[in-house]
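Novice: Sharing a structure, written as structure tokens. Questions coming.
Structural data, given as structure tokens:
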């Protein structure tokens with residue numbers, strides 16, 4: 246059966262079970278550049294529309310009761326496989342979002358977390374991130390984790406470097422210790438990972454944390470991903486039976 250987008254929105258909202266909302270949802274926001282190319286617009290416009298899409302999904306996630314939303318905004322590989330202009334455009338857009346959306350994030354009751362190596366970013370961007378995190382630190386409605394210059398394997402490498410500096414005995418090294426030394430320390434592992442844009446892989450995102458995550462892939466390009474599309478992912482998550490290896 247074929248549904249219109251409006252019908253799908255109504256259908257998904259009606260079937261969401263509030264008691265089965267995933268606590269942590271992670272999203273690989275893929276398709277910004279392809280969206281821009283399809284609309285004959287500069288790449289940066291695709292990233293701008295992607296940032297706008299994130300605002301709608303954050304609001305919807307908070308309304309549903311999702312406690313943590315982690316989004317893959319800029320991978321560690323992006324620094325090397327994109328043009329200097331595009332990387333600079335992305336940096337300016339990230340800074341704009343972090344600064345200009347502070348009040349919106351505050352009003353939404355959102356706390357901000359950042360995972361990844363931001364020490365390579367310009368000092369003004371690092372300062373903006375720190376200031377926004379501090380402003381929002383007491384908010385409790387939903388936590389927004391933005392993955393910036395992030396890669397799952399580098400994160401694990403850095404975790405083991407931290408453990409080595411703690412002079413732990415080999416017998417003390419276990420999964421709990423590794424998790425505590427990851428960038429996501431303090432957050433639960435994602436219950437659901439969504440990837441937009443029609444690709445079917447994790448692309449070095451939350452490699453350790455995704456061990457028992459449910460995966461949902463959407464053909465919708467990220468700038469076109471709307472709250473009703475998010476609802477459909479939640480409904481699919483609720484239909485699955487999670488066994489955690491049992």
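In this note's numbering, the protein residues as written are 246 to 491.
No residue lacks a Cβ here, since even glycine has one placed at the ideal position from N, Cα and C.
(1) Identify, in the order they occur along the chain, each residue of the same chain with its Cβ nearer than 8 Å to the Cβ of residue 306, setting aside the five sequence neighbours on each side.
(2) Taking just the CA atoms, how far does residue 282 sit from residue 312?
(3) So, with DSSP's three-state summary, where would you put residue 439?
(4) Leaving out five residues on either side along the sequence, give the residues of the same chain with a beta carbon under 6 Å from the beta carbon of residue 288.
(5) How about residue 429: is its C-beta nearer than 8 Å to some C-beta of chain D?
(6) For residue 478, which residues of its own chain have a beta-carbon under 6 Å away from its beta-carbon, when the five flanking residues on both sides are left out?
(7) Look at the Cβ atom of residue 363, then the Cβ atom of residue 389, and state whether they are nearer than 8 Å.
(8) Do you know offhand how far residue 455's Cα is from residue 294's?
(9) Give the list of continuous alpha helix (DSSP H) stretches no shorter than 4 residues that lie fully inside the stretch 404-461.
(10) Let's see if you can read the secondary structure: which residues bound the alpha helix (DSSP H) around residue 292?
Specialist: Considering the structure as presented:
(1) 270, 314, 387, 475
(2) 34 Å
(3) strand
(4) 278, 281, 331
(5) Absent from the structure: chain D. Only one protein chain is present.
(6) 439, 461
(7) no
(8) 27 Å
(9) 420-425
(10) 288-309
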